[in-house]
Amino acid sequence: MKKTILVIVSFSFVCLLYFTGLPGIGSDKKASFRDAPSDLPPIESLEYADPDFQLPIPVAGDNSANAGKEGGALKMGPDAGQIAMMLAKNEAETKSFEREFSKSGGQKLEAQYRPFADYEDTGYLIMNSDFYFDSRQAKLEAAKALPPDGILVILVASQDNALKERILNTFSAAIPKERIKVAAVRGAGNAFWARDAMPVPVFDKKSGAFTVIDAKYYHPFSADSEVAGLFGAKMESHDFYYEGGNFMASDKGVCLMVNNDRHAIITDEIYKRYYGCEKVIRLPFLAGIGHVDEHARFVDEKTVLTDLPEYGPILEKEGLRPVMVPRPGGTYETHVNSLIIEGKAVVPVFGKSSDAQALAVYESVGLKPAGARSSSLSNTGQGSVHCITMTYPKVPAAELMKALGAEEF
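So that you can map any letter, position 13 of the sequence shown is 9 in the working numbering, and since no number is skipped, the others follow by simple counting.
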């Protein structure tokens, strides 16, 4: 059964959602890591509905084969010019915020929101449609991890029926067809690194209402208001450059971030005001591009996985329980940049001895791990599984439709 929902959003933005799917699709080669949890079918056991169908998979360093209408893949990390721009803007915004804050006579700022933690119940998994950096298998594993009532949302740059069918052919093996939505969103081609591009989910502390916080992003993506509308969410914006990859929080308002230059100048009061951070733990910038999700992540309100020994004493001092994960060895390689969805973990793996050790650590903290190939994703793209995904909490279907202003026909 196919349903088509036409949604007209402000500023002539049109989003077309498709609820449909086709029989399975499988990986083109065996994985070299342990299988998915036993309650989910392994990707390798699934077969193509069309044996001649194959999504283009770009080779490392050449993304032309999978380039969309908005160009090829962007590496996750900012370049020197972008860093300078962000530093200048964030410094100016911090001074402006402090001037306004001082007018209140230094009155204590109360947090309006509380963060949505990675380990809380997931309603939606959001990714864009591209398979840059050999990320196809990782995205399929992420989709498989959704709970029985979870919805997969794939963002595309335009209403392209052929692309829609290819997406549905791919993902319907990992998740039932009625739980896949394909949505046209302006700038979706620049949302491959979904964790950084998408607005950050929070809850209003008084009403419990789902809200998203929109920051500036150094890769062009300006559809945050449309994304908020998709999920029936209120959106609040600020003018700081900030990426979701450098935001890791517990549901108690304990927030982790790496104190890179462009984010170090953003004060704790700003994180409290917009993201509901009752405590901000600033970790030193020691490796990678300077995002916390590369090297530290909550698995519950007290337990933090990390692969940097220097972080252990800092976390312990703040009353948290650090658990060490091995490092694979490459500059941008990490087993910590995982996606956690309701007891399951999709963990980056690299075909190295550290893979099995890392998966065992995830099991030791009560999670069911599945490996996601990340060699190209990490070494060429400078990111991994957490970076290419965003999760939002459960939103009632009626509330979602009302927020969309959708008419089903």
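Here a beta-carbon is modelled for each residue, glycine too, at the ideal position from N, C-alpha and C.
This structure is a prediction, so every number in the text was calculated from the model and none was measured.
Buried versus exposed, by CB contacts within 10 Å (16 or more), residue i
| i | result |
| --- | --- |
| P305 | exposed |
| N186 | buried |
| E106 | exposed |
| P197 | buried |
| K99 | exposed |
| T330 | buried |
| N192 | For the sequence presented, residue 192 should be read as Asp rather than Asn. The residue is buried, with at least 16 neighbouring Cβ atoms inside 10 Å. |
| A368 | buried |
| Q103 | exposed |
| P410 | Because the chain in this structure spans residues -3 to 405, residue 410 falls outside the shown range and cannot be described. |
| A352 | exposed |
| D289 | buried |
| R175 | buried |
| N165 | buried |
| K202 | exposed |
Whole-Å CB distance - residue i paired with residue j, under 8 Å assumed
| i | j | result |
| --- | --- | --- |
| T387 | D210 | Not a contact, Cβ separation roughly 17 Å. |
| F167 | I150 | 7 Å |
| A366 | E137 | 5 Å |
| L335 | V381 | 5 Å |
| A292 | Y307 | 6 Å |
| I310 | I261 | The Cβ separation is near 20 Å, so there is no contact. |
| Y128 | G377 | 7 Å |
| D247 | E297 | 6 Å |
| A134 | V152 | Contact flag wrong, Cβ pair sits at about 19 Å. |
Sequence-distant residues of its chain with Cβ nearer than 7 Å to residue i (five each side left out)
| i | result |
| --- | --- |
| G249 | A107, R110, P111, G272, C273, E274, K275 |
| A354 | V321, P322, H331, V343 |
| H287 | E239, G241, N242, V254 |
| A190 | I122, M123, N124, I384, T385, M386 |
| R410 | The structure shown does not extend to residue 410, since the chain is modelled only from -3 through 405, so no value can be given for it. |
Close Cβ partners of residue i (< 6 Å) along its chain, the five nearest in sequence each way excluded
| i | result |
| --- | --- |
| S34 | Annotation note: pLDDT 33 at S34 (below 50); position unreliable, no value reported. |
| Y270 | I209, H234 |
| A141 | I337, K340, V342 |
| P324 | F346, K348, S350 |
| P143 | E338 |
| N256 | F281, G286 |
| V357 | V321 |
Bridge partners - residue i, DSSP secondary structure assignment
| i | result |
| --- | --- |
| L159 | Answer is none; L159 lacks a bridge partner. |
| L335 | V342 |
| V319 | L301 |
| T207 | V198, K230 |
| A184 | The partner list for A184 (beta bridge, DSSP) is empty, contrary to what the question assumes. |
Own chain partners of residue i with C-beta closer than 8 Å, once the 5 adjacent residues on each side are dropped
| i | result |
| --- | --- |
| N375 | A56, G326, T327, Y328, E329 |
| D303 | H291, M320, V321, P322, R323, T330, H331, V332 |
Considering only residues of the region 76 to 140, which uninterrupted alpha helix (DSSP H) runs meet the minimum length of 4 residues and lie entirely inside it, listed in chain order? 76 to 98, 132 to 140
Which runs of the beta strand (DSSP E) at least 3 residues long sit entirely within the region 218 to 278? Give them in chain order. 230 to 237, 250 to 254
What runs of the beta strand (DSSP E), each 3 residues or longer, lie entirely inside the region 340 to 398? 340 to 345, 364 to 369, 386 to 388
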